[in-house]
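Colleague:
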Amino acid sequence: MAEKRWQQRLKGWDGPFTASVPDSARDAVLDTQYRRFHQALPLLCLLIMANTVAMALAVMGDLPLWQQVTPPALIFLACALSLLRWRGVPIATDAGVQARSLKRVAHVATASGLVAGLWAVNAFTETEIYYCMVAPVFIGIGALVAATTLLSVPRAAIGAMGAAVLPILAKMALYDNLGVRAMAVMMAIVTVMQANLVLGKFRETVAMLVSQRDLARLAGTDALTGLDNRLSFMRAIEERVERGAAFSVLLADLDGFKQCNDQHGHQAGDVLLTSLGGRLRALMPDAVSIARLGGDEFALLHDAETDVDALHRRMPGIRQAIAAPVGWQGRSLSVGSSFGIATFPQDGAEAAAVLHVADTRLYADKRQRKGLRFVGPQRQIA
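Residue numbers (full-length UniProt numbering): 1 to 382.
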């Protein structure tokens with residue numbers, strides 16, 4: 001249910017995404033949007049406050065007092081409160097909190113833009129003809145400032161810009177002056193171009209983060225088996241050690257793999273490793289990480305909720321699955337396996353210590369079993 005609510009925050013007119021984002025990259029995109037906005041917020045508020053004060057001074061005296069004071073006061077207050085909140089609230093790391101914050105940004109930005117737009121229409125209508133274009137100029141500046149500083153939150157950027165510009169555009173388009181109508185057309189063109197720039201920038205950000213994710217995945221993946229590699233496995237263990245989160249490590253070593261390689265070559269060994277890696281993945285779907293550490297050594301990582309005794313009970317089934325023959329060019333290849341299990345923090349306070357205990361138990365198991373089983377070329381697969 002919580003996950004469904006989190007997904008709902010990404011939808012709607014005020015959602016943070018304006019383009020398709022792969023599920024696996026959503027957290028990274030949200031985090032990037034949130035952090036960039038958090039960094040840009042002070043500049044955005046200061047520029048909008050300065051532009052608001054400048055416009056208020058420019059149209060002073062031509063409007064009733066409440067019309068001169070109320071709109072700029074609302075905009076100024078929204079910016080000031082946003083700055084105070086920015087100073088008092090730490091950077092969020094939870095995706096749900098970030099999504100809510102970005103939706104709130106879209107609401108505040110659009111509402112502030114609408115207040116500014118209506119203020120500009122009123123100022124355009126009520127000021128003397130020689131000064132009537134002052135308000136549209138300031139609104140255009142404010143809209144561009146908002147769209148530029150809110151690039152990381154595209155719906156907020158477009159919402160603020162559209163709400164600020166559309167009312168004055170409609171008013172200018174109906175004005176009985178060709179020059180004013182021409183200026184309205186140009187403002188509309190610039191607004192559309194800026195909106196396209198905002199949307200394009202978001203698509204670029206998504207593409208960049210997806211590429212980074214793919215590169216990180218490749219860097220942590222064993223090229224032969226598609227399992228995690230040693231780097232990825234060690235990173236997962238060390239992260240849990242830093243957090244103090246309990247886990248179990250199961251090391252598996254293939255018995256007789258070297259003889260298989262020596263007799264049939266590396267191609268046969270590669271086929272064997274790939275097949276056995278797939279079997280481990282199918283047998284242990286609850287593992288946090290299944291890795292090939294190198295050569296013929298595999299490792300599985302389970303979090304604390306996995307019962308260690310249950311792992312021991314599953315070992316005969318894993319051993320049997322590994323021992324099942326693998327077909328290669330009409331031959332049947334088969335190896336044995338040895339295992340070692342260790343847990344954190346019972347067997348060590350550091351990742352290296354836990355792995356050392358698991359490795360020691362693995363070689364004790366290997367000495368007991370002496371597990372080479374290989375059927376050579378004389379035995380053909382039926």
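Cβ atoms here follow ideal geometry from the backbone N, Cα and C, with glycine treated the same way.
Excluding the five sequence neighbours on either side, which residues of its own chain have a C-beta within less than 8 Å of the C-beta of residue 343, listed in chain order?
Modeller: 246, 247, 248, 249, 308 and 354.
Colleague: Return the Cβ separation of residue 95 and residue 206 in integer angstroms, given the expectation that the two are a contact with Cβ distance under 8 Å.
Modeller: So it is not a contact: roughly 15 Å between Cβ atoms.
Colleague: In this structure, how does DSSP classify residue 342 when only helix, strand and coil are distinguished?
Modeller: In the structure shown, residue 342 sits in a strand (DSSP, three-state: E or B).
Colleague: Between residue 139 and the rest of its own chain, which residues show a CB-CB distance below 7 Å, the 5 nearest in sequence each way excluded?
Modeller: Only 116, 117, 120, 164, 165 and 168 meet the Cβ criterion.
Colleague: For residue 321, which three-state DSSP category applies?
Modeller: Correct three-state label for residue 321: helix.
Colleague: Classify residue 374 as helix, strand or coil using the three-state DSSP reduction.
Modeller: Note that residue 374 scores a pLDDT of 39, beneath 50, so its modelled location is shaky; the value from the coordinates is reported in the next line. In the structure shown, residue 374 sits in coil (DSSP, three-state: anything other than H, G, I, E or B).
Colleague: Are the CB atoms of residue 188 and residue 146 within a distance shorter than 8 Å?
Modeller: The answer is no: Cβ separation not under 8 Å.
Colleague: Rounded to whole angstroms, what is the Cα-Cα separation between residue 44 and residue 52?
Modeller: Approximately 12 Å between the Cα atoms of the pair.
Colleague: Quick one: what's got a C-beta closer than 8 Å to residue 372's C-beta in the same chain, skipping five residues either side?
Modeller: Only weak support exists for where residue 372 lies, its pLDDT of 41 falling under 50; the coordinates are left without a value.
Colleague: Which residue's Cα is closest to the Cα of residue 85: 72, 93, 105 and 67?
Modeller: When each option's Cα is compared against that of residue 85, the closest is 105.
Colleague: Considering only their Cβ atoms, is the gap separating residue 366 from residue 253 smaller than 8 Å?
Modeller: Yes, the Cβ-Cβ distance between residue 253 and residue 366 is below 8 Å.
Colleague: Taking the beta strand (DSSP E) that residue 293 falls in, what are its first and last residues?
Modeller: Run containing residue 293: 289-294, per the beta strand (DSSP E) assignment.
Colleague: Less than 8 Å between the CB atoms is what I'm expecting for residue 49 and residue 76, so what's the real figure, rounded?
Modeller: With 8 Å as the limit, residue 49 and residue 76 qualify as a contact, their Cβ atoms being about 6 Å apart.
Colleague: Using a Cβ-Cβ cut-off of 8 Å (strictly less than) and excluding sequence neighbours within five positions of residue 136, which residues of its own chain qualify?
Modeller: Taken in chain order, the residues that qualify are 120, 124, 168, 172, 183 and 187.
Colleague: Identify every residue that forms a DSSP beta bridge with residue 298.
Modeller: DSSP output for residue 298 lists 252 and 292 as bridge partner(s).
Colleague: For the alpha helix (DSSP H) containing residue 357, list its first residue and its last residue.
Modeller: That run of the alpha helix (DSSP H) goes 351-369.
Colleague: Once you ignore the five residues that flank residue 333 on each side, which residues in its own chain have a CB closer than 8 Å to its CB?
Modeller: Closer than 8 Å at the Cβ level, and outside the excluded window around residue 333, lie 260, 264, 268, 271, 272, 325, 326, 327, 374 and 375.
Colleague: What is the rounded straight-line gap between the Cα of residue 58 and the Cα of residue 71?
Modeller: About 14 Å.
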